[in-house]
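Residue numbers (our numbering), protein chains in the order written: chain A, 1 to 370; chain B, 1001 to 1370.
Backbone N, C-alpha and C fix where the C-beta goes; we use that ideal spot for every residue, glycine too.
Just below is one structure, and these are the notes that go with it.
Given below as structure tokens:
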């Protein structure tokens, strides 16, 4: 992953220079826009950068340049893909800023979420009206700003491509991703709030649809495809990247679901059991409900989504989910999906160095602890 | 304005066909996304379409085609500009959806705002948790969706241009507009909530900056420039369009400020005195504060922004603002700005038909009652 870390640095440098240009626009409008600049930078430093990495390796897989990102001379060739990877990270930051409002999350990566930062700015400055409402309003606008910027950064990258058909296909992939993940996010809140209107036998299917559109396509398949399309990849190459990306994306999110219930707060940066308090209707919950007797299922349904759950209740729910065998079933699903992903690489017309790296990323994202 | 109405029809047709394509994506994901489709259409029908009209006339002014939008044969030539005009309307709908959350507005054009529509959907379906929170969350996502779509529609239009430099310049104008209006909206809520931290002598300057970035550039100057750039307009042409657009945009917003306080609810679709209950710190308020004695100014400051203001209080505030001469001063400013706008057209290297139409639009937007 040394290769990966170096790329993460290149992406960060690109993000920083892009934000420098945007802050000069903000400064030309007024000095009191400083929080928009400061907080956008804060949400664009750090993070795991998985989307950027998948985008890069999709590109390398299809172009087979065996490109060495350590060599100075090639920086120009790398500019389109680094910009596209950086654009995905901007889009993701914008989505998280809005998601945290929607989920009423106080924290992000162990630090305050954007609306909480603005809320604090308001309270400390002693402005009028409610600090929490200012926090939400300002965070909606910050998300909108970064959403627009993600688009500009992608365009800057695609403008450097001489292959115009590749640029158009890459743009279409990004657009589709943007619509699908927003729809997936809507389905997610719908599932949380209307699951009781659907039969017990439909819960798994609902969770699967959320996982597909909100997570698997968005976090893995689309970034890989975007990279592959920027490289001007062939139809069989794109098909292999998607065949790898979709199951791996499902595994990625299933791991996330386990971490949301059982993760260590010190490692994830989110309170342990956070998904239980939020009442997320994940695959893990759907599977647990299928396995539990009706009494235990009713108790799970009753407690799930109660923001006031205490430590003892969280531990009891964790125990219930574990003991019914749901965790083992999800671990089995993760294993199966990762195997499906790996199988898609075997005879794929993709570069060997990328295949090796994608195989290693598959391990990382499916076994991660944060 | 018959010419104008015909254009409005062309823009609506373009919006409808674009939304048809997007709803087929939504349908492929799931039938329960129907509200996203329905409500996006609702916020994209009707409205005054001033931005679309300015965009078209900026194009006509710079291209001087003397184009007849009634003639069937020319539809292909018109496609880029109609798509760009439609994209501005999509962007505007997205901004309004988010603005109504921020301003906690219950209505838009006399009908429920987006977050209220989703709130009602939730309540009627008997879903879990709070209907108002679902309303806000779903409307944030709907705004994000339409924001992304505005961008796609602009791209579809610009892709048809053979003049690539013109396409790039048009895209840059749209991007700059997007950043500036979002920053302007942030400055607007900041002005509402932190005006008391600034000196009495700074209030007019603060209001002027909001009016410039949130309204004047966004509603008039940028649409005109976008159209002019799509036509491949020369620097003197663009300069003339901006010289007309910025002062007219200021006049447009000053009229809006008057309507927000004195407008007829039946005509504006917003409750009369709405801006007073919302506590908007407009130029009208800044001017009134300068003119009022300290006791009356303190009373204005105290009442402004109280959502519970009753009819009698609204009438008293209207009377105070009127009697101090603030309305006359604003009417004088509108007249001056419209004169400045008209002056910019006199020797401008723009087509005569467009000059005549822009002159007529100047009258419409500065004298409108809704």
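Residue i: contacting residues in chain B (beta-carbon distance under 7 angstroms)
i: residue 30 (chain A); result: 1187, 1209
i: residue 101 (chain A); result: 1140
Residue i versus residue j - alpha carbon distance
i: residue 359 (chain A); j: residue 238 (chain A); result: 17 angstroms
i: residue 1055 (chain B); j: residue 1131 (chain B); result: 39 angstroms
i: residue 1220 (chain B); j: residue 1049 (chain B); result: 11 angstroms
i: residue 1 (chain A); j: residue 357 (chain A); result: Note on residue 1 (chain A): pLDDT 45, under 50, position unreliable in the model; no value is reported.
i: residue 1290 (chain B); j: residue 1368 (chain B); result: 26 angstroms
i: residue 362 (chain A); j: residue 57 (chain A); result: 12 angstroms
i: residue 275 (chain A); j: residue 299 (chain A); result: 16 angstroms
i: residue 267 (chain A); j: residue 151 (chain A); result: 32 angstroms
i: residue 247 (chain A); j: residue 343 (chain A); result: 10 angstroms
i: residue 1097 (chain B); j: residue 1118 (chain B); result: 12 angstroms
i: residue 234 (chain A); j: residue 166 (chain A); result: 10 angstroms
i: residue 208 (chain A); j: residue 171 (chain A); result: 27 angstroms
i: residue 1252 (chain B); j: residue 1334 (chain B); result: 8 angstroms
i: residue 1198 (chain B); j: residue 1306 (chain B); result: 20 angstroms
i: residue 319 (chain A); j: residue 63 (chain A); result: 48 angstroms
i: residue 273 (chain A); j: residue 135 (chain A); result: 25 angstroms
i: residue 1089 (chain B); j: residue 1241 (chain B); result: 20 angstroms
i: residue 1014 (chain B); j: residue 180 (chain A); result: 22 angstroms
i: residue 107 (chain A); j: residue 229 (chain A); result: 35 angstroms
i: residue 232 (chain A); j: residue 6 (chain A); result: 24 angstroms
i: residue 1309 (chain B); j: residue 1321 (chain B); result: 16 angstroms
i: residue 1224 (chain B); j: residue 112 (chain A); result: 41 angstroms
i: residue 109 (chain A); j: residue 263 (chain A); result: 13 angstroms
i: residue 200 (chain A); j: residue 1147 (chain B); result: 36 angstroms
Segment limits, alpha helix (DSSP H) that includes residue i
i: residue 1252 (chain B); result: 1235 to 1262
i: residue 267 (chain A); result: 265 to 268
i: residue 218 (chain A); result: No alpha helix (DSSP H) contains residue 218 (chain A), which DSSP labels as neither H nor E.
i: residue 188 (chain A); result: 164 to 194
i: residue 1336 (chain B); result: 1326 to 1346
i: residue 1104 (chain B); result: Premise fails: residue 1104 (chain B) is in no alpha helix (DSSP H) and is neither H nor E.
i: residue 1308 (chain B); result: Looking at the DSSP string, residue 1308 (chain B) is not in any alpha helix (DSSP H), and its letter there is neither H nor E.
i: residue 149 (chain A); result: 131 to 158
i: residue 59 (chain A); result: 50 to 63
i: residue 1118 (chain B); result: 1114 to 1125
i: residue 352 (chain A); result: 352 to 367
i: residue 300 (chain A); result: 294 to 303
i: residue 274 (chain A); result: 274 to 278
i: residue 1128 (chain B); result: No alpha helix (DSSP H) holds residue 1128 (chain B); DSSP gives it neither H nor E.
Partners in chain B for residue i, counting only beta-carbon separations shorter than 9 angstroms
i: residue 183 (chain A); result: 1025, 1026, 1029, 1030, 1033, 1036, 1141, 1145
i: residue 213 (chain A); result: 1029, 1030
Interface residues of chain A facing residue i [CB-CB closer than 9 angstroms]
i: residue 1180 (chain B); result: 25, 29
i: residue 1092 (chain B); result: Chain A residues near residue 1092 (chain B): none, gap ~13 angstroms exceeds 9 angstroms.
i: residue 1148 (chain B); result: 147, 151, 175, 178, 179, 182
i: residue 1129 (chain B); result: 192, 193, 279, 305
Closer than 8 angstroms at the beta carbon, the chain A residues around residue i
i: residue 1138 (chain B); result: 186, 189
i: residue 1115 (chain B); result: Going along chain A, no residue has its Cβ under 8 angstroms from residue 1115 (chain B), so there is no contact; the nearest lies around 11 angstroms.
Contact test: residue i Cβ vs the ligand GTP heavy atom, cutoff 8 angstroms
i: residue 369 (chain A); result: No copy of the ligand GTP appears in this structure; indeed no ligand is present at all.
Status (buried if at least 16 other CB within 10 Å, exposed otherwise) for residue i
i: residue 122 (chain A); result: buried
i: residue 61 (chain A); result: buried
i: residue 80 (chain A); result: buried
i: residue 1038 (chain B); result: exposed
i: residue 1370 (chain B); result: exposed
i: residue 365 (chain A); result: buried
i: residue 1020 (chain B); result: exposed
i: residue 51 (chain A); result: buried
i: residue 1332 (chain B); result: exposed
i: residue 336 (chain A); result: exposed
i: residue 1282 (chain B); result: buried
i: residue 155 (chain A); result: buried
Interface partners of residue i on chain B, CB under 8 angstroms
i: residue 135 (chain A); result: Chain B residues near residue 135 (chain A): none, gap ~11 angstroms exceeds 8 angstroms.
i: residue 21 (chain A); result: Those within 8 angstroms of residue 21 (chain A) in chain B number zero; the least Cβ separation is about 11 angstroms.
i: residue 125 (chain A); result: 1194, 1197
i: residue 319 (chain A); result: Simply none; closest approach about 25 angstroms.
i: residue 277 (chain A); result: Those within 8 angstroms of residue 277 (chain A) in chain B number zero; the least Cβ separation is about 13 angstroms.
Residues of the segment 155 to 180 of chain A with Cβ closer than 8 angstroms to any Cβ of chain B, in chain order
Under the 8 angstroms Cβ criterion, the segment 155 to 180 of chain A contributes 155, 159, 168, 171, 175, 176, 178, 179, 180.
Interfacial residues, the segment 1234 to 1257 of chain B to chain A, with Cβ spacing under 7 angstroms:
Listed in chain order, the positions of the segment 1234 to 1257 of chain B with a beta carbon within less than 7 angstroms of a beta carbon of chain A would be empty, since no residue qualifies.
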